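To start, the structure itself, in structure tokens.
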Amino acid sequence: MTADTADGRSNEPASGSSIILSKFNTVYRHSVLDILTYYAEIPTDPNPDNSPLTSQTPTDALNSNISQATASLGSSQNSNSISNVKLKNVDFDQVTICFKHPLIDMEMLRPIPFDSKCSSWTEVQQKLIEMAKIAARARSLSHLRVSGISYPTSPLNLAIIFCVLLLPFGYYWPSILYEHFFAKYLPFMLSVKPYHNYILYSTIAAHCTEFYFFFVPRLRRFRVPLDYALEWAVLVLLDGYASVRRFDRYVKMISPDDTYYDFTNNDYFL
0 MTADTADGRS NEPASGSSII LSKFNTVYRH SVLDILTYYA EIPTDPNPDN
50 SPLTSQTPTD ALNSNISQAT ASLGSSQNSN SISNVKLKNV DFDQVTICFK
100 HPLIDMEMLR PIPFDSKCSS WTEVQQKLIE MAKIAARARS LSHLRVSGIS
150 YPTSPLNLAI IFCVLLLPFG YYWPSILYEH FFAKYLPFML SVKPYHNYIL
200 YSTIAAHCTE FYFFFVPRLR RFRVPLDYAL EWAVLVLLDG YASVRRFDRY
250 VKMISPDDTY YDFTNNDYFL
């Protein structure tokens, strides 16, 4: 049981703020960008991979113009002008986000107050989660970032992938597929041979269409990192909309707050 201090704050371990800072500067860094954009009206690139969390020397350090840089922060044309965005400090009544601007040879700080004062670090966590959801929604994005993958395991999905892989094989080596394999084991498939190329082109067109119209918007909305995006793309090109449905199930699985948000000392990515 935790005791309360005279000013009403919960006497929780000081490591509470450290864990919040660590998590929001790594796993949930995309939310820091959203919060800075929505609550401080400072444009940022919504994809954290395009703005690495590294120290960076301002490019115009010798010609610093603070008034010019401050005025430019509100311009939508400068979403890529700031760098090294991270959560600097968190307290019971506000968070402070720091970043660097190419016109200023110093770290800039932007405090963002809460709408009400918190009394515990757990309440601060919930406040930041709420702010992250609101800020992401304002950018037509999800507060969830999908950094994982769900592979096909059902017999139907595996059968579809196997059949799709046979199409390019039959295109380059039709005699092996039809005259040796199908003629011996599946003779009824010989009737498909005249339409093989048509089926191949139709499958490619269908899966590319599904990828572009159904999956690319999901990749953007959930800000899937490039390595996982490439894996998901390959799966969609192999089994089509089945991978889109599997992606949606994966999002549903990680969407509960107690699943996605983990403020323990264990780092993990979803």
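Residue numbers for the sequence shown follow numbering that gives the first Met the number 0, beginning at 0 and rising by one.
Glycine included, each C-beta is placed from N, C-alpha and C at the ideal position.
On a predicted model such as this, the values are computed, not experimentally measured, just so you know.
- When the beta-carbon positions are compared, I81 and Q93 stay at least 8 Å from each other.
- Around the C-beta of M130, 16 or more other C-beta atoms lie within 10 Å, and the residue is accordingly described as buried.
- Your pair P101 and D238 does not check out as a contact, with CB atoms roughly 45 Å apart and the cut at 8 Å.
- In this structure L86 does not touch Y259 by the C-beta definition: roughly 18 Å separates them, more than the 8 Å allowed.
- DSSP, read as helix, strand or coil, puts P154 in helix.
- Contact between V145 and Y197 fails: their C-beta atoms lie close to 35 Å from each other, not under 8 Å.
- Only buried fits D33, as 16 or more other CB atoms lie within 10 angstroms of its CB.
- Residue burial is scored here from C-beta neighbours: T43 has at least 16 other C-beta atoms within 10 angstroms and is therefore classed as buried.
- Assigned with DSSP and collapsed to three states, L102 falls in coil, not helix or strand.
- CA-CA distance, L199 to R244, rounds to 23 Å.
- Close CB contacts of S254 within its chain, under the 8 Å cut and outside five residues either way in sequence, are with L143 (chain order).
- In the DSSP assignment, S115 falls outside any alpha helix (DSSP H), carrying neither H nor E.
- According to DSSP, residue pairing for Q93 in a beta bridge involves P112.
- The criterion of a C-beta distance shorter than 8 Å is satisfied by Y177 and L189.
- One Cα belongs to S115, the other to V215, and the distance between them is close to 38 Å.
- With respect to S16, W120 sits close: the two C-beta atoms are nearer than 8 Å.
- Sorting K132, I148, A137 and T202 by C-alpha distance to the C-alpha of Y249 places I148 at the top.
- The residue among K183, D90, T202 and R220 with its C-alpha nearest the C-alpha of V235 is T202.
- Exposure of C207 is indicated by the presence of fewer than 16 other C-beta atoms within 10 angstroms of its C-beta.
- Here DSSP, grouped into helix, strand and coil, assigns V84 to strand.
- At the C-beta level, L20 and V89 come within 8 Å of one another.
- Judged by their CB atoms, I96 and L140 are not nearer to each other than the 8 Å cut-off.
- Annotation: the continuous alpha helix (DSSP H) that includes W231 extends over L225 to D238.
- The Cβ-Cβ distance between K132 and F113 does not fall below 8 Å.
- According to the DSSP assignment, S30 belongs to the alpha helix (DSSP H) that extends over R28 to A39.
- The Cβ-Cβ distance between C117 and F91 falls below 8 Å.
- Distances from the CA of Y194 to each of I18, P173, A205 and E209 were compared; the closest alpha carbon is that of P173.
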